[in-house]
Each structure stands twice: as C-alpha cells, then as structure tokens.
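Have a look at the structure below before the remarks.
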Amino acid sequence: MRGSGARAGAAGLGCSGGGSPAPLWTCLLLCGALRSLLASPSNEVTLLDSRTVLGDLGWRAYPKNGWEEIGEVDENYAPIHTYQVCKVMEQNQNNWLLTSWISNEGASRIFIELKFTLRDCNSLPGGLGTCKETFNVYYFESDDADGRNVKENQYIKIDTIAADESFTELDLGDRVMKLNTEVRDVGPLTKKGFYLAFQDVGACIALVSVRVYYKKCPSVIRNLALFPDTITGADSSQLLEVSGSCVNHSVTDEPPKMHCSAEGEWLVPIGKCMCKAGYEEKNSTCQVCRPGFFKASPQSPSCSKCPPHSYTHEEASTSCLCEEHYFRRESDPPTMACTTPSPISIVKKGKIAKNSISLSWQEPDRPNGIILEYEIKYFEKDQETSYTIIKSKETKITVDGLKPASTYIFQIRARTAAGYGGFSRRFEFETSPVSVAASSDQSQIPIIAVSVTVGVILLAVVIGFLLSGSCCDHGCGWASSLRAVAYPSLIWRCGYSKAKQDPEEEKMHFHNGHIKLPGVRTYIDPHTYEDPNQAVHEFAKEIEASCITIERVIGAGEFGEVCSGRLKLPGKREFPVAIKTLKVGYTEKQRRDFLGEASIMGQFDHPNIIHLEGVVTKSKPVMIVTEYMENGSLDTFLKKNDGQFTVIQLVGMLRGIASGMKYLSDMGYVHRDLAARNILINSNLVCKVSDFGLSRVLEDDPEAAYTTRGGKIPIRWTAPEAIAFRKFTSASDVWSYGIVMWEVVSYGERPYWEMTNQDVIKAVEEGYRLPSPMDCPAALYQLMLDCWQKDRNSRPKFDEIVSMLDKLIRNPSSLKTLVNASSRVSNLLVEHSPLGSGAYRSVGEWLEAIKMGRYTEIFMENGYSTMDAVAQVTLESC
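This is the structure in structure tokens:
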C-alpha cells in the first residue's frame, strides 16, 4: 500500500485514539487484514469477487449518506473496494447496499462469502441504545438488470449476519484485528441471475470483501474416462449421475459413471474404459505399443514383449508374427511362443511277423498346426547309411519287406504347413525268426480256439433271434440258458422290459432345465420359468382360503397388508400364522412379483429361515401364508428391550442368523438385503432370516439410495463392491451380516447414525469402519471387522462364522474381554461430523446429536472433555 499517505490519513481520523468512531477501512489497511486473497479451491467457480475487480463495482447505496465506498490501492496500485457504515448514534437506521446484476452461469445453488469487521457496541460511548451488532443479507432473482429498481419488500432474506469477533478501541490501538468470515448458500435458483443486498440497521461495520461462487465437480479422468466439469445440484444432499467418455484409443461395453456430490466431489465410480488392443494405459491415457511389443485385447493389462521366435515392426500391434520356419496354431493364444513342430515321443509296436512290423504312435502334444502327413524312416541296425522313408496320413503303419530275425531302427516325424518337425528318438524292434513246422502247428492252437469260440457265440446269437418270439411267450427255455452261457453279462429283454433303470440314471433328474442330484439342494431362480405360476405351484402348497382366519392387521407391505391369523389344515390342529395379502386392483406384474417371494421361500427348509406354509392363488385376495413370529422384526424388538439380554443371549441370536445364512449360501442364494429389520424373532428368541421379496428391496425400501443402474440398494448394509459394481455374492452378504452384528450388540441403533448415504459411501471407501458398540466383547467386534474387509475374498465364510460363534458360546469366558472404552470413538465419527465447524458447544451436546449421549461420562473419565480433544481421537491414539 502507499505507506505515507495511508498513515497520515489514519492519524488525522483518530485511528489509534478515543473520541468518535474512526473510519474502519483505514485501520484495516494499516493492520494488514484486508488482503487474504487465497486461490479458490478447484471445485469452486467465482461469479463475483470484490477484491479482484479493477474498475468501478457499480454498487448502489441508499440513502446516499448510509453505506460509504472507500477507495484505496494496494502495493501494486490495484483498487481495493471496501464499504462501511457507522450510524450508531442515530435512530431508525435502514441503510441498503445493492450489488450489480450477477449471472449465475447455470448454477442452481450459489454460495456467498462475506469478510467484514464489526465494532463492539460496548466500546462506543453513548451509542448503546441504538447500536446493533448484526446486518442482513438479501437476494432478488432476475433475468436481466431491471431487478435493481424493485422494492425492498420484494427481496428475499438470506440470513442475519453476526460477527464471531468484534473489535474495540484497544484493538485499534494495538493494530490487532481479525476479519470475520461467513458463508451462506442460496438455492434453488430458477432465473439467469440475481442481485445481492446488504441492509444495515445501526451497526458499525466494514464490508471488506464479497465473493459469490458456485461449486462444481471439476473435470477429471478416472478409469480412462473423462468426466466433464459438472455444476452441483440445488439440493445439499443431491448426487448427480454423470456419464464419462472414454479417452483416446479406449473402449468400454457401457459408459463409465460417477456421481457429483453437492460439495463438488466425485463419488461412487462405476464401470471403466480399457485401452483397446495395441494400446496400454499410462498416466491416465492410452499410449501406443512400441515395435516389438503387442497387446491382443482391451482386457490385457499392458503391452507385452513379443514371445520367443516372433516379431512385430509396427506400432499398435495386436499380435506378433512367427519367424521363418516357426509356427503357431490358430487356437494358440498370441502370448504363446512360436515353435517348430514338436517331435513324436511315443511309438508302440503292433503285430510282428517274420517279414513285417506294425507300428502306431500318438500325435504330438503341440503339433503347431494341422498335421498333413507323417514320415517314417527305418533301417537295419548298424546299416544307418542305407535307410528307407515311407509316408502315412494316419498314426499307424505296417512296414513290409523286412528280413526275418533282424533288428530294425524306426524314427517318425510330422509335417505341417510350417514344415517338418524333428525326428523322434530311435525305436528298436525285431522281426520274427523263420518258424519250423512243429512250431507252426503249435502257434495255430490259440487261433483255432478263438475261431471256435467266435463260432459258438455267433450261433447263439442266430438261435436267439430265431427263438425270440417264443422266448417272450414261453419263458425262453433252453435258449435262455444258451444266452446266459454265451452272454453272461447281458440282461436279455423280450419286447418291452420292466427291468429297473441303471442306478446311476435314477440319480439324475432334469428340473426346468436344471440338473438336480439327490441330497444336493440348489436354489432355482423363479425368473427362469417362462410361466411364473409354474414356479409358485411347484415350490408352494396351495391352501384353501376357507382354512385361513384373518384376525388383525399388523403391518403394511409394498403389495398390501400384513396380518396375523390362524390356519386350520385338514387333520391338523389350528396354529397361528402371518398372512401377506395382495391389494385389490393389482397388475399381472405385481401378482408375479408378489408370488415370486413365495417361490423363493418355498425352496427353503431350515430352522433359521422363515417357513412358508403355502399360498392362496385360486381365490381373492391372493395370499402368502408363513409361520407367525411373535416378537416381530429384530431391530424393533431390540430397541424395545434395550440392555435386557445377556451377551450369551445376543450371541445366540447372531448364531441363529449366521446358521440361516450358511444354509442360503450353501444353496447358492444371495440375500442382498440382510439387515436386522429383515430378521424375525419368535417368543423363544429364535431368529429367522426373512424378506425375500427382492423387487421391494431394490425399489421401495426407505433405507435405500439410488444406484447408477436403476433401482435402489440399502447403502448402510451393503458391501462396497455391491454398491459400486453390483457384485452381489455370499461375501457381500457377509459384509451385511457384520452390520447386523453391530445392530444386535447396540440394541438396534441405526448404522452410521445420522450420516448421509453419500458420507457413508465415502467413509467406507476411505477405509473407515463403525466403532465398537458399548460393552461389546472384543471377540465379537473383531468378527465384525473381519466381515468388513474391503477384499471380499478375505471375509470369513458363513460356515466359519457359525463355527466361531459356537466356540464363543461354549467358552463364555472368551466374551468377558470388552473393547477398550476409549477406542470406541473412531476417526470416522470425528471426520464425518461437524466437529470443526464449531456447531457443538460441548462434548455432551455432540454425543446427543449423534444419539450416543450415554457415552458422555466415559468420554469425561478418559479426559475427552472438549471438542478439540475429541477431534484428535483415532483408534491408534487410544
């Protein structure tokens, strides 16, 4: 700043002394508090910043003796715009300052950052009766510049602004002064622009700077997809789905997507682009494969060096060519080395006579192409220089014209389009010697015996066919005996045989296109049936409506009411049941979806899975009838009985749920919505998994949040891979089971309390996990953390969970070690609650806000008595 002039002006106006209030702007310049020109974050777009406007702001003040513009320049002679007003000695002040028209550039939610100083009324002599320590901010929307002429009552109030730090004369004298900074947001905006107005009603205030901005998710390349600058939505909790475009030389099956949060952060990436064949990913771009390297498909991670005996001289190669005399089969992958045809390794001798030898061999394991023919090289032992070559298109040959009682060496090689392979190793065989007459007669005995046996068998066959008709009518007689002699291993059938099938054939059955083996139960998706009614009738028993007595309504579902009642089946005692009814006026799709749950439930038979009694489909209303669970849903039951059960009882409940989930997992069924609200509990505290109506879960569950592929999923209970990529497996059910454990031990508390779904997604992705519930055994909390492993393959299986809980039940002392009380507050709670905003005046107030008020005494006992102390807590520091 211009030092001498500013100092002289300050002295003349009494900046450091008593008397009447001094112009505040001069003091601010001298104190160095004006310039806080920090770069705006990359996710903020500034529409107006009074600190950076070089010319006239064009703002209007009325009455004219109210707000006063003070013009100065900084050390670079850039203008500084400051407005002040200090009419504290006068009654009924109503001073307005109007900005010029501000374009919102398409944003529907804008933010206003005000930097100002305000004088303490107590430091002003004689002005206490009329002095104020606040001012008001208003806005008016307009598509053009006419809005400046509207009346005051047409402006909409944004807020009353108060100072966190007010100054006195002592502060002026010491030249120690802090700027107040307040930010307010306005939305949704519906027009092209707006005006701001500042109303003073009798304060001593200096408005140092006004910055107006909106937030956006800045352009970013993620997973090789370019996501453009995206202006955030008007709602503070809104997520905008944005499709990305693949960067150069990359492809994808479906466009990658991300969500733009209201705070200008990209969340929940789904899908990805891949560099196409011949290109690899480097520095978030696709770069060409260099000569000598190749990439065969987009799924390959990177360019690979050409395999042995292959080459490429081109860029962006998708495969490498084989060198001369080397070959690769069409079915070989491009990563396979090129080779010459492989040698034949096995040659077997067949019939050997005095003048011939029969040979056979196996085709080479890797012939490197279609074998066109074989070449057989042979010679008499010790006569290698004199050899003979013959060719064959088959893998066998008889070599004639050999000497009796002589040893011959044989070698064989294959020829493909690439040429000949190497000869096999040497195989040595000997022809038969010349036989004398006696030996010749003796050698004929086996042949004669075989011939006789064959003749007898053929005769038996002929007789069998000739007598087959009478055999069937008269018991076969001697012919049957002959057949038994001739074919002891055959079961003879006359005409139609009623003999049993082969035992192995009996074991295999076909069911709606699915092969089912006895003793192995497999879940069958009802949606695979062309006619959904077939699935219902196959898996659910039809009940006559007259057997059912509805007593009272106990709830409401998506498709209709849920009632309790009685079921009296013929020959059985009457017993209580729960009845789901399909509302009047349903569509065929609603009926199909409604009965689909019964088609699923009817396949299960386990003490910890809700049991289906049957359905009513032949009369109205259509009904699903299940066993009745007296205590209702587990979460509500636990809330009503907070702290009433022993740890062993809670573990017993968890063991039952895990056992039911093990059964479902073994059958190949993925639940997708495992939560305490979907567990039912009876009067004996037996927990049973329920709610298999997947369409309701994905569409109308109040605990759900939108995903990018349509439908909804329950974010707080769902594994990260299921949220991001729809990877629903038994491992994602294990994650949900860990949340259910937390719900049970905390007696039905809401997971993640009042955090938004978006904050939950972000926190889990960054590695944060729920803290241990109060009085939670360390062994149970460790099991929860195991269920919440990010790598789904690292999570325990349900059979392992059941075994682990069984061990804890058999050894109750293992449940006595509790999680350290001071480690219960995880950094998740610190990072994702407004600790740093000064919103809470005490630790107790904060804990009450997140429904953890009962922890207050523990916090105090462990030294966490201030919000600053709590903000430093991490699991490691505890």
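Counting with mature numbering (1 follows the signal peptide of the UniProt record, and there is no 0), you get residues -39 to -1, 1 to 839 for the letters of the sequence shown.
Idealized CB from N, CA, C, for every residue including glycine.
Bear in mind the structure is a predicted one, so any value in this text is a computation, not a measurement.
Three-state class that DSSP yields for residue i in the structure shown
i: W714; result: coil
i: S429; result: Interpretation of S429 is limited by its pLDDT of 42, a score under 50 that renders its predicted location unreliable; the figure taken from the coordinates is listed afterwards. Helix, per DSSP.
i: A39; result: coil
i: R172; result: strand
i: I540; result: strand
i: V14; result: coil
i: A445; result: Any reading at A445 is ruled out, since the residue's pLDDT is 35, under 50, leaving its predicted position unreliable.
i: K153; result: coil
i: S211; result: strand
i: F631; result: Note that residue 631 is Val in the sequence shown here, rather than Phe. Coil, per DSSP.
i: I452; result: Residue confidence for I452 is low, a pLDDT of 31 falling below 50, so the modelled location carries little weight; the figure read from the coordinates is stated next. Coil.
i: V120; result: It is worth fixing the name first, because residue 120 is Asp in this sequence and not Val. Strand, per DSSP.
i: W322; result: strand
i: S197; result: coil
i: I307; result: coil
Pick from the options that is closest to residue i, judged by C-alpha positions
i: D104; options: V650, F155, S303; result: F155
i: A724; options: V203, N110, V229, E126; result: V229
i: E499; options: K544, G557, I509, E535; result: G557
i: Y490; options: I561, A298, F384; result: I561
i: E355; options: T349, F340, S321; result: S321
i: S84; options: L75, C165, R145, A39; result: C165
i: Y369; options: S353, Y348, I358; result: Y348
i: G814; options: P734, S258, W749; result: P734
i: A680; options: F653, D752, Y708; result: D752
i: S180; options: M219, S755, C234; result: M219
i: A68; options: G225, G163, N141; result: G225
Outcome for residue i when other beta-carbon atoms lying within 10 angstroms are tallied against a minimum of 16
i: T121; result: exposed
i: F686; result: exposed
i: F159; result: buried
i: H488; result: exposed
i: T273; result: buried
i: V701; result: buried
i: V417; result: With a pLDDT of only 47 at V417, under the threshold of 50, the placement of this residue in the model should not be trusted, and no figure is reported.
i: S803; result: exposed
i: Q719; result: buried
i: E710; result: buried
i: N65; result: buried
i: M745; result: buried
i: S707; result: buried
i: T78; result: buried
i: Y713; result: buried
i: A740; result: buried
i: R677; result: buried
i: D652; result: buried
i: R670; result: Note that R670 scores 40 on pLDDT, short of 50, meaning its location in the model is unreliable; the coordinates nonetheless yield the value given after this. Exposed, by the Cβ-count rule.
Residues bridged to residue i (per DSSP)
i: E389; result: I370
i: residue 869; result: Missing from the structure shown is residue 869; the chain here goes from -39 to 839 and no further.
i: W57; result: Y23, Q160
i: Q45; result: E29, A167
i: T191; result: C178
i: G380; result: T377
i: M219; result: V203
i: R80; result: F128
i: T587; result: A539, L573
i: W227; result: C221
i: K550; result: In DSSP, K550 forms no bridge with anything.
i: C524; result: V514, I540
i: F255; result: S265
Short CB-CB distance (under 8 Å) between residue i and chain D
i: F159; result: No chain D is present in this structure, which holds just one protein chain.
Would you call the stretch 17 to 31 in contact with the stretch 43 to 59, where contact means no fewer than 3 C-beta pairs closer than 8 Å?
yes
Three Cβ pairs or more, each shorter than 8 Å: is that satisfied between the stretch 184 to 202 and the stretch 51 to 61?
no
Does the stretch 633 to 651 come within contact of the stretch 582 to 596, defined as at least 3 CB pairs closer than 8 Å?
yes
Taking three-plus beta-carbon pairs below 8 Å as touching, is the stretch 529 to 548 in contact with the stretch 579 to 590?
yes
Touch check for the stretch 554 to 574 and the stretch 624 to 640: three-plus C-beta pairs under 8 Å?
yes
Is the stretch 243 to 261 touching the stretch 194 to 206, taking contact as three or more C-beta pairs under 8 Å?
no
Pairs of beta-carbons, one from the stretch 302 to 309 and one from the stretch 361 to 379, closer than 8 Å: are there three or more?
yes
Inter-stretch contact at 8 Å, needing at least 3 Cβ pairs: the stretch 614 to 621 / the stretch 688 to 704:
Two segments are said to touch when three or more pairs of C-beta atoms, one from each, lie closer than 8 Å; by this definition the stretch 614 to 621 touches the stretch 688 to 704.
Quick check: the stretch 281 to 290 against the stretch 360 to 369, are at least 3 beta-carbon pairs closer than 8 Å?
no
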